[in-house]
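This note's numbering puts the first residue of the sequence shown at 43, with every later residue one more than the last.
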Amino acid sequence: MPRLRFLDRERTVAPEGYNRWLIPPAALAVHLCIGQVYGFSVFNEPLTRVLGIDQPIPNKDWTIPQVGWAYSIALVMLGLSAAILGRWVERAGPRKTMFAAACCFCGGLWLSALAVEWHSIGLLYLGYGVIGGLGLGLGYIAPVSTLVRWFPDRPGMATGLAIMGFGGGALIGAPLGVTLMDSFASGTSVGVKEAFLVMGTVYFAYMVFGAVTVRVPASGWLPNGYDPEIRRKSMMARSDLPVERAWRTRQFWLLWMVLCLNVTAGIGILGQASLMCQDMFAVSAAVGGGFAGLLSLANMGGRLAWSSLSDLTGRKAIYGVYFLLGAVLYTLIPLTQKSGSVALFVAVTALIISMYGGGFATIPAYLRDLFGTLHLGAIHGRLITSWSMAAVLGPQLVNYLSTYRIEQGVPRAEAYNLTMYLMAGLLLIGLVCNLLVRPVEGRSIEHTHNSPANTS
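(1) Taking DSSP as the reference, what is the three-state secondary structure of Ser162?
(2) With a 10 Å radius around its C-beta and 16 neighbouring C-beta atoms as the bar for buried, classify Lys102 as buried or exposed.
(3) The alpha helix (DSSP H) that contains Glu58, what's its start and end?
(4) Look at Pro66 and Leu189 and say whether their C-beta atoms are less than 8 Å apart.
(5) If contact is defined by three or more beta carbon pairs under 8 Å, each pair taking one atom from either stretch, is the region 402-409 in contact with the region 175-190?
(6) Between Asp96, Leu153, Gly59 and Ala71, which lies nearest to Gly211 when the distance is taken from Cα to Cα?
(7) Tell me whether Ala125 is buried or exposed, calling it buried when 16 or more other Cβ atoms sit within 10 Å of its Cβ.
(8) Grab the span of the alpha helix (DSSP H) containing Lys235 for me, first residue to last.
(9) In terms of residues, what are the limits of the alpha helix (DSSP H) holding Ala392?
(10) Of the residues Met342, Gly399, Gly310 and Val92, which one's Cα is nearest the Cα of Leu435?
(11) Compute the Euclidean distance between the alpha carbons of Gly128 and Ala403, then round it to the nearest angstrom.
(12) Does Ser261 come out as helix, strand or coil in the three-state DSSP assignment?
(13) Could you give the first and the last residue of the continuous alpha helix (DSSP H) run that contains Ser83?
(14) Given Asn476, which residues of its chain have a CB within under 8 Å of its CB, disregarding the five upstream and five downstream residues?
(15) Please give the ranges of any beta strand (DSSP E) in the region 178-212, keeping only runs that are unbroken, at least 3 residues long and fully inside the region.
(16) Assuming the contact rule is C-beta atoms closer than 8 Å, Thr54 and Val370 should be a hit. Round their C-beta distance to whole Å, please.
(17) Candidates Gly219, Val250, Phe246 and Ala389: which alpha carbon is nearest Glu236's?
(18) If we ignore side chains and look at the alpha-carbon of each, how far apart do Leu379 and Val186 end up?
(19) Could you spell out the range, first to last residue, of the alpha helix (DSSP H) harbouring Asn476?
(20) So that I know if they touch, is there some Cβ in chain B lying closer than 8 Å to that of Thr461?
(21) When you compare only the Cα positions, how much space is there between Glu483 and Arg292?
(22) Nearest-angstrom Cα distance between Tyr463 and Ser338?
(23) From the DSSP output, in three-state form, read off Ser352 for me.
(24) According to DSSP, which residues form a beta bridge with Ser225?
(25) Based on the DSSP output, what are the partners of Ser231 in its beta bridges?
(26) The alpha helix (DSSP H) that contains Ala455, what's its start and end?
(27) When we look at the beta-carbon of Arg424 and count the other beta-carbons within 10 Å, is it buried (16 or more) or exposed?
(28) Can you name, in chain order, every residue of its own chain whose Cβ lies under 6 Å from the Cβ of Gly294, other than the five neighbours on each side?
(29) What is the DSSP secondary structure of Asp321, counted as helix, strand or coil?
(30) Do you know offhand how far Val479's Cα is from Phe413's?
Next up, the structure:
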């Protein structure tokens with residue numbers, strides 16, 4: 043269709059003199075919207091009383107475990123869709139991909155509203171989980187690979203800008219969802235259906251803004267004063283490796299383990315932050331909720347701060363900090379509980395979560411260093427499957443180990459200690475994987491000097 047040609051990659055090439063700082067707002071417009079997935083938990087309890095309104099109706103209303111599967115399916119689909127469709131993303135370009143992400147993610151919210159209206163749990167899984175998760179994967183990788191091409195001199199900062207938005211999406215999505223539900227709640231509705239409809243419409247507008255305003259650099263474009271040969275570090279590839287060969291290298295699978303172990307350790311705390319704080323220090327639920335919100339800020343800030351620092355230190359060195367310092371901090375958490383210092387506990391865990399967020403933001407630049415920029419979106423997409431694995435491992439390790447220890451008679455305040463030592467061990471394994479990463483051998487590289495993306 044002629045009207046849809048506006049979305050084609052060749053229509054997004056930036057004119058001469060285009061200001062590259064106009065690209066981060068386009069990326070943030072998408073990532074801040076799809077980051078709403080981190081705030082899905084605000085809908086859990088209301089969704090369990092869609093029929094009963096005031097109280098759940100046993101054997102008719104959904105349960106928390108049933109509702110929770112929508113969130114889990116969405117995160118699994120994020121990894122799978124990014125891995126499977128990564129090559130298409132590179133061919134289609136960021137504008138078409140970001141528009142497709144808007145249609146899928148927001149369409150998933152609209153279908154979720156219909157699922158509430160019909161009280162169909164299967165349609166909720168299809169809408170929010172499968173279709174919405176497809177939008178998550180597309181919307182996650184396209185802005186990141188585009189920003190790296192616009193900022194070859196500062197790839198860590200560039201990826202941090204975008205992925206910071208994803209980490210901060212819950213800071214907007216969670217309160218927005220609560221406000222909308224409160225506004226639409228009535229004697230016949232808990233307000234979830236209406237909240238999904240409104241959020242889908244608002245997010246669609248912002249994501250389309252991002253798609254319309256995004257651009258790719260012209261062939262041969264480089265930032266003023268930037269010489270890639272002068273700035274090249276020892277870990278950096280001299281050309282681009284295609285995804286079919288990149289993912290068969292030892293370096294790819296070492297980085298898969300690096301991201302998986304870093305995320306496994308961090309997401310275990312992030313997912314149980316409020317309850318951990320309450321159990322370990324006997325504080326109120328309000329204090330625990332405030333602690334969880336603080337960790338969200340640390341997660342968001344760490345994505346920009348640590349990834350920007352990696353432009354100075356190199357990606358391998360900054361991951362060494364994540365793993366070594368992180369392992370030390372995890373072993374300190376039981377000591378903060380014994381000392382009864384809530385402030386020290388908050389400081390230690392906030393630093394841990396900042397490095398968890400930093401790991402997400404630094405990995406695209408690490409991939410770019412090793413494999414080049416031409417196929418970055420496709421390679422990044424396949425690597426994100428490690429996130430899907432970690433999203434299952436981390437929370438389950440914390441949940442099952444702490445529950446088992448409590449059942450064995452361990453006081454609640456000490457139930458998490460063994461888990462913290464286990465997380466420290468996982469980070470040390472990640473440190474070994476990171477130390478084993480070496481530059482990709484020259485004979486493995488496919489030269490693509492004529493590719494527009496290679497000059498960016």
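Backbone N, C-alpha and C define an ideal beta-carbon position, used for all residues, glycine too.
From the atom records:
(1) Counted from its first residue, the sequence shown places residue 162 at position 120. Coil, per DSSP.
(2) Here residue 102 corresponds to residue number 60 of the sequence shown, with the count starting at 1. Result: exposed.
(3) Residue mapping note: residue 58 aligns to position 16 of the sequence shown, counting from 1. It is not in any alpha helix (DSSP H) - Glu58 carries neither H nor E in the DSSP assignment.
(4) Taking the sequence shown and counting its residues from 1, the one referred to as residue 66 is at position 24. Taking the sequence shown and counting its residues from 1, the one referred to as residue 189 is at position 147. Against a cut-off of 8 Å, the Cβ pair of Leu189 and Pro66 comes out as a contact.
(5) With the rule of 3 Cβ pairs closer than 8 Å, the region 175-190 counts as touching the region 402-409.
(6) To locate residue 211, count along the sequence shown from 1; it is residue 169. Gly211 has its Cα closest to that of Ala71, out of Asp96, Leu153, Gly59 and Ala71.
(7) Taking the first residue of the sequence shown as position 1, residue 125 is located at position 83. Answer is buried; the Cβ neighbour count reaches 16.
(8) Within the sequence shown, numbered from 1, the residue matching residue 235 stands at position 193. Note, Lys235: alpha helix (DSSP H), Val234 to Thr255.
(9) As a working mapping, residue 392 is identified with position 350 in the sequence shown. In the DSSP assignment, Ala392 falls within the unbroken alpha helix (DSSP H) covering Val384 to Phe413.
(10) On the sequence shown, residue 435 is found 393 positions in, with the first residue counted as 1. The candidate whose alpha carbon is nearest that of Leu435 is Gly310.
(11) The residue labelled residue 128 in the question sits at position 86 within the sequence shown. The residue labelled residue 403 in the question sits at position 361 within the sequence shown. So the two alpha carbons sit approximately 18 Å from each other.
(12) Along the sequence shown, one-based indexing puts residue 261 at 219. If DSSP states are grouped into helix, strand and coil, Ser261 belongs with coil.
(13) Position 41 of the sequence shown, counted from the start, is the residue given in the question as residue 83. Premise fails: Ser83 is in no alpha helix (DSSP H) and is neither H nor E.
(14) Mapped onto the sequence shown, residue 476 falls at position 434. The answer, listed in chain order, is Leu296, Val300, Lys358, Tyr361, Gly362 and Phe365.
(15) The qualifying runs do not exist here; there are none.
(16) Taking the sequence shown and counting its residues from 1, one reaches residue 54 at position 12. Taking the sequence shown and counting its residues from 1, one reaches residue 370 at position 328. So it is not a contact: roughly 46 Å between Cβ atoms.
(17) Here residue 236 refers to the residue found at position 194 of the sequence shown. Taking each of Gly219, Val250, Phe246 and Ala389 in turn and checking the Cα distance to Glu236, the smallest one comes out for Gly219.
(18) Here residue 379 is taken as the residue at index 337 of the sequence shown, counted from 1. Here residue 186 is taken as the residue at index 144 of the sequence shown, counted from 1. One detail in the question is off: residue 379 reads as Gln in this sequence, not Leu. Going from the Cα of Gln379 to the Cα of Val186 covers about 39 Å.
(19) As a working mapping, residue 476 is identified with position 434 in the sequence shown. It spans Asn459 to Leu477 - the alpha helix (DSSP H) in which Asn476 sits, taken as one unbroken run.
(20) No chain B appears in the structure shown, which is made up of a single protein chain.
(21) The residue you call residue 483 lines up with position 441 of the sequence shown. The residue you call residue 292 lines up with position 250 of the sequence shown. Here the alpha carbon of Glu483 sits roughly 11 Å from the alpha carbon of Arg292.
(22) As a first step, residue 463 must be located in the sequence shown, where it is residue number 421. As a first step, residue 338 must be located in the sequence shown, where it is residue number 296. Rounded to the nearest angstrom, the two C-alpha atoms are 23 Å apart.
(23) Translated into positions along the sequence shown, residue 352 becomes position 310. Helix.
(24) In the sequence shown, the residue the question calls residue 225 occupies position 183. In the DSSP output, where bridge partners are listed per residue, Ser225 has none listed.
(25) Within the sequence shown, the letter at position 189 stands for residue 231. Bridge partners of Ser231: Ser228.
(26) The sequence position of residue 455 within the sequence shown is 413, counting from 1. Element bounds for Ala455: n/a, residue is neither H nor E.
(27) Along the sequence shown, one-based indexing puts residue 424 at 382. So Arg424 ends up on the buried side.
(28) Indexing the sequence shown from 1 puts residue 294 at position 252. Checking the sequence shown, residue 294 turns out to be Phe, not Gly. The beta carbon of Phe294 is closer than 6 Å to those of Ala288 in its chain, skipping five residues each way along the sequence.
(29) Residue mapping note: residue 321 aligns to position 279 of the sequence shown, counting from 1. Residue state, collapsed to three classes: helix.
(30) Locating residue 479 in the sequence shown gives position 437, where the first residue counts as 1. Locating residue 413 in the sequence shown gives position 371, where the first residue counts as 1. So the alpha carbons of these two residues sit roughly 13 Å apart.
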